[in-house]
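K.L.:
Everything in the sequence shown is counted per our numbering, starting at 457 for the first residue and increasing by one.
The C-beta atom is built at its ideal place from N, Cα and C for all residues, glycine as well.
Quick one: this structure, given as structure tokens, is what I'll be asking you about.
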Amino acid sequence: MHQRRLMRRLPWMLACLVAAGWPLALPFARGLESSDRSTIPFHTILELEQTARLLAILLDSGRAVVNDNQTLLDDPTKAHKGFTPEAFEGQLRDMFRGRAGINLDELAGGTLSPRSRHLLQELVTVSKQVIADAQAELNRQGAGFKGFIPAVFGARVSTRFTAVTGVRLKQTALDPRNPANRPDSYERVALETFADSAYPREKVISEMAANSSSLRLMFPLYATRQCLDCHGGPKGGLDRTGYPREGLTLGQNAGAISVLLPVGK
């Protein structure tokens, strides 16, 4: 546990060392021991963390777009909803720009690394593909709730994105409905931290993996009004899917997006 806390604080510790005049490349070894002599430059660590955080924000922005359109998507009176991949993309770009301050239309002229730009563009492409593949499902006239909710969208996107890029995205929570989203030991510690109401909103937790091959990042999620339709109170009561409600309240932590970003991919 002490080692995990130390690894989580490394970005802050590195910043202090750099400010004091230390070189930008510091050793990261398996178990913080010196047997592994590989080094990761400080600027690379910062770039990895920025990329992982932006990927989490972009995935959650897509989830939020689905969330904002849930009433439309579940309207049984409409056949063609107009929620095309292009319409989704426009809303996604607006949402991401508002949250991250980055215009996805102007990535080429920005300060992000080529790898960051590529991964963000790939995530947009995969997200649109998921919406495209769901058109028949979403446009069924006479059908109300279709089960295409933010978590389902996020799971489909995460699976495809990981397959295409090798960068793992995962939705997780302390007590997830989907067994595939169960947290590992690292994720559980972060989720328990996020569950503290005093923890700063949207503050990520990150660390370099013990073998220095990947950066791990946890991005907290919060319950919206739409989330409460299924995950709110009364706790234990059945929601429209037949699953027991969790009893969440507005703004309460509702899990996290976990990112595993390989250093060399």
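To which residues of the same chain is Gln627 closer than 7 Å at the C-beta, ignoring the five residues directly before and after it?
P.N.:
On the sequence shown, residue 627 is found 171 positions in, with the first residue counted as 1. Excluding sequence neighbours, Gln627 sits near Ala607, Gly610, Ala611, Ser614, Asn637, Gly711 and Ile713.
K.L.:
Mapping the DSSP letters down to three states, classify Pro532 as helix, strand or coil.
P.N.:
As a position in the sequence shown, residue 532 is number 76, starting the count at 1. The answer is coil: DSSP assigns Pro532 none of H, G, I, E or B.
K.L.:
So, under 8 Å CB-CB, Asp516 and Leu677 are touching, yes? Tell me the CB distance rounded to an integer number of Å.
P.N.:
Position 60 of the sequence shown holds residue 516. Position 221 of the sequence shown holds residue 677. Going by Cβ atoms, the distance from Asp516 to Leu677 rounds to 7 Å, so yes, they are a contact pair.
K.L.:
Quick check: the Cα distance between Pro541 and Thr495, rounded to an integer number of angstroms?
P.N.:
Working through the sequence shown from its first residue, we reach residue 541 at position 85. Working through the sequence shown from its first residue, we reach residue 495 at position 39. Cα to Cα, Pro541 sits roughly 42 Å from Thr495.
K.L.:
So what does DSSP say about Gln597, is it helix, strand or coil?
P.N.:
Within the sequence shown, numbered from 1, the residue matching residue 597 stands at position 141. Reduced to three states, the DSSP call for Gln597 is coil.
K.L.:
What are the start and end residues of each continuous beta strand (DSSP E) run of 3 or more residues lying completely inside the segment 613-654, in chain order?
P.N.:
List check, beta strand (DSSP E) in window: 624-628.
K.L.:
Can you find a C-beta in chain D that's less than 8 Å from the C-beta of Asp531?
P.N.:
No chain D is present in this structure, which holds just one protein chain.
K.L.:
Give the DSSP-derived three-state secondary structure of His501 in the structure shown.
P.N.:
For the purposes of this step, residue 501 is taken as residue 45 along the sequence shown, with counting starting at 1. A quick correction: the sequence has Ile, not His, at residue 501. It is helical.
K.L.:
Pick helix, strand or coil for Pro710, following the three-state DSSP scheme.
P.N.:
Taking the sequence shown and counting its residues from 1, the one referred to as residue 710 is at position 254. The question names Pro, but residue 710 is Ala in the sequence shown. Ala710: strand per DSSP, three-state reduction.
K.L.:
Which residue or residues does DSSP assign as beta-bridge partners of Val586?
P.N.:
Here residue 586 corresponds to residue number 130 of the sequence shown, with the count starting at 1. DSSP, once it has assigned bridges, lists no residue as partnering Val586.
K.L.:
Helix or strand or just coil, what does DSSP make of Phe675?
P.N.:
Taking the sequence shown and counting its residues from 1, the one referred to as residue 675 is at position 219. Phe675 falls in the strand class under three-state DSSP.
K.L.:
Here's a check: name, in chain order, each residue in its chain whose Cβ is nearer than 6 Å to the Cβ of Gln518, leaving out the five neighbours to either side.
P.N.:
Locating residue 518 in the sequence shown gives position 62, where the first residue counts as 1. Just to set this straight, residue 518 is Gly in the shown sequence, not Gln. Counting only Cβ-Cβ distances below 6 Å, and skipping sequence neighbours, we find Leu548 and Ser583.
K.L.:
Take Arg616 and list the residues in its own chain whose beta-carbon comes closer than 6 Å to its own, dropping the five residues that flank it on each side.
P.N.:
Here the question's residue 616 lines up with position 160 in the sequence shown. So the list reads Val582, once near-sequence residues are dropped.
K.L.:
Would you decide whether Asn525 is buried or exposed? Buried here means 16 or more other CB atoms lie within 10 Å of its CB.
P.N.:
On the sequence shown, residue 525 is found 69 positions in, with the first residue counted as 1. When all chains shown are included, Asn525 counts as buried.
K.L.:
Using the Cα positions of Gln591 and Gly698, report the straight-line distance between them to the nearest angstrom.
P.N.:
Counted from its first residue, the sequence shown places residue 591 at position 135. Counted from its first residue, the sequence shown places residue 698 at position 242. Each residue's Cα considered, the two are about 25 Å apart.
K.L.:
Comparing C-alpha positions only, which one of Lys659, Asp531, Phe675 and Val521 sits nearest to Glu593?
P.N.:
For the purposes of this step, residue 593 is taken as the residue at position 137 of the sequence shown. The candidate whose alpha carbon is nearest that of Glu593 is Asp531.
K.L.:
Consult DSSP for Glu545 and reduce its assignment to one of helix, strand or coil.
P.N.:
Taking the sequence shown and counting its residues from 1, the one referred to as residue 545 is at position 89. It is helical.
K.L.:
Over what stretch of residues does the alpha helix (DSSP H) that includes Arg681 continue unbroken?
P.N.:
Here residue 681 is taken as the residue at index 225 of the sequence shown, counted from 1. Here the alpha helix (DSSP H) through Arg681 covers Arg681 to His687.
K.L.:
Which same chain residues, not among the five before or five after Val521, have their C-beta less than 8 Å away from its C-beta?
P.N.:
In the sequence shown, counting from the first residue as 1, residue 521 sits at position 65. So the list reads Phe544, Gln547, Leu548 and Met551, once near-sequence residues are dropped.
K.L.:
For Met680, which of Ile513, Leu529 and Gln708 has the nearest alpha-carbon?
P.N.:
Within the sequence shown, numbered from 1, the residue matching residue 680 stands at position 224. According to the sequence displayed, residue 680 carries Thr and not Met. Cα-wise, what sits closest to Thr680 is Gln708.
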